[in-house]
Each structure stands twice: as structure tokens, then as C-alpha cells.
Amino acid sequence: MTEAVFTKPFTQQEAIPDAGIDRAVKIMKSGRLHRYNLADDEDSEASCLEMEYAKWQGADYCLACTSGGYAIQLALRVCGVKPGDRILANAYTLAPVPGAIHNVGAHPILVDIDENYHIDLQDLDAKAAESDAKFLLLSHMRGHIADMDRVVEICAAHGICLIEDCAHTMGAKWRGIRSGNFGKAAAFSTQTYKHMNSGEGGLLTTNDAEIAARAVISSGSYMLYGRHGAIPAEEIFQKVRLHSPNYSGRMDQMRAAMLRAQLPILEENLDRWNSRYDRLHTRLSAMDGVIIPKRKQDEFYVGSSIQFRADTLPKDQIPSFVDACGARGVELKWFGDDQPKAFTSRYDSWQFIDNLPVLPTTLRILEKTVDMRVPLTFTIKDCDLIADIIEDELARFTAA
Ligand SMILES: *Cc1c(COP(=O)(O)O)cnc(C)c1O
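See the structure below:
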């Protein structure tokens, strides 16, 4: 046993690359921060970001907007969700997901999860069959990607439109295809704790020309949509431009500049996340009383956070275990808490949802689930010390 304490903050991200800082300062000095406020022959940072991200993601169209939650909400609208519609959604997710569904006046039908934090495919199939839901908002929660071949099959069989929430899977893949390329539209977040950091921000991608045109206009482009980067042909806009309300939610030039500087190093950062994740995964899986999902071979994940179950501890000891780790500088979050805390909540705390279901597997799995951020400011040695502390505290609690 060690009494070592870990001292680095779990919320510290890396600096914005110098190129992004320099560009952002130039934009501030120019006073032209709005994406459509351009000098003659000046390119819009936001439009360039849209082109570059579309290319990286392998999508035809891309829209930069104010947040990931906004991108989800807009994706639902432009895919045709109407007030009163029902939307299938996995129950293990974060609050902006049911929030986006509520925002468009729709009602979530929550689907159970399986032992490995994926949407339960049997429950999905059953709920798709018994409900009139025509949409699935699939959150690749904490980067765990379900069998996307089966998800796509189930959606096709029931005539369901799939929308992907890729807030935790920017850069992740299923059978070599990037997450976000399986449904009608996908939403990404560039909020500080995701894979690119502009403080707040979101990206919406799609291969559907009409959905793209609606999204661009509804994001608040007025009739300046022609200045966007990755957009369909003018004739598509002619069809939809007078029928698309303006739900103001544009991205500004500063944030776009910060993101453009991060995109070229994203691939390298994904590897850096995974080397930290893999070390933690190896260490944690070797511990008694720890259950940690095995990743599927078809999945290329991005390990920007890690989840495990402290299975031998009774539920009422988990808060003390989390506190004991916290006292030694290791910040864990408990997804089983009856009360929502900070960023974390269990689905049954979203009481604005009508007829909240009882989802036995989700409740059982989350009861013992703790979650930890893995920022890139940690080294592999840091990961070892974190693992030592967790192992130590777990042994103490198991012995007690
Ligand atoms: C962060 C997050 C969102 C929302 O992104 P914001 O940019 O913070 O609005 C949506 N879904 C999940 C799973 C998230 O983690």
C-alpha cells in the first residue's frame, strides 16, 4: 500500500495550439468576430472549419454551431421530428440528450443498456416494434459504440431515422467507419471536455442535401447561407429557404479559429488518449472486484474517459470509496447516485419525462459504475499512480 496522493486536476485540458491563439488574436484585433462579417477576399474561419471537418469526418456537409446540444436539437428538427413525436434513446447518457428531445417538443422512449454500456439491441427492437417511434437518437455514451450493423438493421426494419450523438466519439470508428456516418445526421460537441476544445461549440454532419440546407438556414444564416463551407447546391436552398425558421445558433470566428488549429493534431491526440486509456484498462482489469467492459474488436474507441464497476462493494459503500479516492486526488464520478451531481445524472432523475420506465439492467449496471476523465495533461506514469491509488482504496474497502 502507498499513501501517495495524486495532485493533477482532472479538468485540465491542454493549451490551444499557438496557431489557433495567433489567429484568434488577429480576429479580435480586426473586430470582425461574426462569421459573416468579412473583409473583401477574406475567408470565413467558420466556413473553412466546416469544409475541413466534413473532409476529416468523411461527410458531404457540415454546419458549425453554438453547442453539441444545439446540434442534436437542430438535427432532430431538420430530420423531421414534430412536437408530440416519440424518440427512442438509450437511457445511459447525459442530460443534454433528453433535453434536446424535450426542446423539440418530443417525448423520449428510453431503451435499456447492456452489460457493456451499449444500447440493448433486444430492448431497442422490442420498443421499436411496440411504439410508433420513427426516430432513434443514439448517444455513443462515454465512447462505447454498440454493434452498429445491428443498430442500422433494426432501424431499417422499423423505418426508423437514426441520429447519432457523437459527443464522446469524435474520431472513433466501427468497422473502420467513423462514428457519425451511420445515421441521417450526427452531432459533435467541441465543449471543453470533448475531443476538440473551443469552450463551447458544436458540429452537425450529414450526407443528405436537404437536411443540410435546412440545418444551415435554421442555424441562423439569414440569406447568407451561400457563405457556408460544406453545403449543397443553390437549388436545394431554393426549395427550403422560405420554410426553415431561424433558430439562431451560429458559431463565431474565434472558436472556429481555435478548432481549425486542433483538427490537424486530432488523429495524434486520439492515439495519445488511447495509450493512457489502455494503461488504465490493463491495470484496472487486473484488480479483484473490478469489472470493466471488454472493447469489441470492431470498435476503434477514443479513451478520453474510463468506466468500471466496483462490483464487490455494496451500493452504500460506493460514495465512501469515491470520497476516499477523492481525498487522494483521484476524482471519480458515480453514475449510480440517486441524486444528480455536477455533470452526472441517472435517467430517473429526468422527471420532466412522462411515464419514466423502470429499466432494470440500466439501474443495476449504473449502481456500481464509476467514471473517470482521462485528460491529455496526464502522463502514463500519472495513470499508474491513479491505478495504484484506486487499487489501494478498493483493497481497503474490500477488507473492511
Ligand atoms: C457534452 C455532451 C452533449 C452536449 O454537448 P454540449 O456541447 O455541452 O452542448 C451531448 N451528449 C453527450 C453524451 C455529451 O457528453
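Its first residue numbered 221, the sequence shown is counted upward by one per residue in this note's numbering. Quick reminder that beta carbons are idealized off the backbone N, C-alpha and C, glycines included. All values reported here derive from a predicted model rather than from experimental measurement.
Less than 7 Å divides the Cβ of Gln-277 from the Cβ of Thr-425. Under the three-state reduction of DSSP, Glu-519 is assigned to strand. Residue pairing of Asn-310 in beta bridges, as defined by DSSP: Val-331. Where Met-592 is concerned, the enclosing beta strand (DSSP E) starts and stops at 589 to 593. At the C-beta level, Leu-552 and Phe-528 stay beyond 7 Å of one another.
For a cut-off of 8 Å, the C-beta gap from Ile-451 to Ala-432 is around 6 Å, short enough to register as a contact. With a cut-off of 6 Å, the C-beta of Ser-468 is classified as distant from ligand 1, since no heavy atom of the ligand falls inside that distance. Looking at Ile-365, Asp-472, Asp-574 and Gly-469, the one whose alpha-carbon comes closest to that of Phe-402 is Ile-365. For Arg-470, the three-state secondary structure derived from DSSP is strand. Following the DSSP letters along the chain, one finds Leu-533 in no alpha helix (DSSP H), marked with neither H nor E. In the displayed model, Asp-242 falls within a helix according to three-state DSSP.
As for any alpha helix (DSSP H) of minimum length 4 sitting wholly inside the segment 390 to 477, the runs are 429 to 438 and 454 to 460, ordered along the chain. Set against 6 Å, the gap from the CB of Leu-314 to the closest heavy atom of ligand 1 is smaller. The distance from the Cβ of Leu-382 to that of Arg-492 is about 30 Å, inconsistent with a contact at the 8 Å cut-off. Distance from the CA atom of Phe-555 to the CA atom of Leu-444, rounded to whole angstroms, is 44 Å. The C-alpha of Asn-575 is placed about 50 Å away from the C-alpha of Ala-239. Within its own chain, the residues whose Cβ lies closer than 6 Å to the Cβ of His-378, once the five positions on either side in sequence are excluded, are Ala-348, listed in chain order. Taking a C-beta distance under 7 Å as the contact criterion, Leu-330 and Tyr-567 qualify as a contact pair. For the pair Leu-605 and Asp-518, the Cα-to-Cα distance works out to about 30 Å.
Counting along the chain, Phe-355 sits inside the beta strand (DSSP E) bounded by residues 355 to 359. Ala-259 and Ser-250 have their C-alpha atoms spaced approximately 10 Å apart. According to the DSSP secondary-structure assignment, Val-510 is paired through a beta bridge with Ala-530. By the Cβ rule, the segment 408 to 418 counts as touching the segment 467 to 487, because three or more pairs are nearer than 8 Å. Tyr-256 carries a coil assignment under DSSP once its states are collapsed to helix, strand and coil.
With distances taken between CA atoms, Leu-583 lies nearest to Asp-332 out of Glu-262, Ala-279, Asp-332 and Pro-229.
In this structure Gly-422 is not in contact with Thr-313, their Cβ atoms being roughly 16 Å apart against a cut-off of 8 Å. Inclusion of Gly-440 and Arg-470 in the CB contact set at 7 Å is warranted, their separation being smaller than that value.
In the three-state reduction of the DSSP assignment, Cys-285 falls in the strand class. For the set Pro-318, Ala-429, Leu-533 and Leu-341, the Cα lying nearest the Cα of Glu-455 is the one of Ala-429. In this structure, Gly-288 has its CB closer than 6 Å to one or more heavy atoms of ligand 1. Relative to the non-hydrogen atoms of ligand 1, the Cβ of Asp-385 comes within a distance shorter than 6 Å of at least one. Here the alpha carbons of Ala-615 and Met-478 stand approximately 44 Å from one another.
Within the same chain, and ignoring the five residues on either side of Ile-511 in sequence, the residues whose Cβ sits closer than 6 Å to its Cβ are Arg-529 and Asp-531. A straight-line Cα-Cα distance of about 13 Å links Val-578 and Leu-586.
Across the structure, Lys-514 and Glu-272 are spaced so that their CA atoms are roughly 33 Å apart. Spanning the alpha carbons of Pro-534 and Val-594 requires a straight line of approximately 26 Å.
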